[in-house]
Amino acid sequence: MKTVYLVRHAKSSWQYEDIDDYDRPLKGRGIRDAHLISQWLEKEEIRPEKLFSSPATRALHTAMIFSRTLNFPFKDIDVEDKLYMASSEVLLDLLRALDDELNSVMFFGHNPTITNFVNRCVDQRIDNVPTSGVVCLHFDETSWKNVNDRAELLYFDYPKKRKKSNS
């Protein structure tokens, strides 16, 4: 069985007008939300075996927050250029290329890719995976090469949902 955690990068800042989209930093709220969700995952004892991140600053910073909380070494985060501006098909190709020794992986990326990929793979419709949102998909396969666009949605969580459950 193969498990994929898809994390949309945390809320980014639009404060700097002359900065390229690729280089946009996280906003203070984004940093707090990334900590909130990663701490919830840590409490749930979620331990992916490998982390992959888009090279965009906001995605990589989000991955670093999660890696610290989940006790995953920064140096072991794989920065995958194809995750920036990826299509659902590219994401599926990345999954199919994974080493079969891995059973659970976490990808940090962007919308619309994450929302589109989830809606492609599961029967439930998700209108939008918000910033710092995490979706967990379970593929009933023993080899990544056989992963297709049919998965079970184990959970979908995001900061507003966590904040409501904490009040």
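Here this note's numbering = 1-based position in the sequence shown + 655. Glycine is no exception: its CB is placed at the ideal position from the N, C-alpha and C atoms.
Between D733 and F707, the C-beta gap is smaller than 8 Å, which places the two residues in contact. In this structure, the beta-carbon distance from V790 to L691 does not fall below 8 Å. DSSP places H793 in the uninterrupted beta strand (DSSP E) bounded by V789 to F794. Under the 8 Å Cβ criterion, the segment 677-696 counts as touching the segment 809-820, having at least three qualifying pairs. In the three-state scheme derived from DSSP, where H, G and I count as helix and E and B as strand, Y677 is classed as helix.
Residues T658, C791, L792 and H793 of the same chain have their beta carbon placed closer than 8 Å to that of L809, with the five preceding and five following residues left out of the count. Less than 8 Å separates the beta-carbon of A665 from that of T717.
Considered as a whole, the segment 664-725 harbours 683-698 and 712-724 as its complete alpha helix (DSSP H) runs of no fewer than 4 residues, in chain order. Counting C-beta atoms within 10 angstroms of its own C-beta, G683 has fewer than 16 neighbours from the protein chains shown and is therefore classed as exposed.
T724 and N758 have their C-alpha atoms spaced approximately 20 Å apart.
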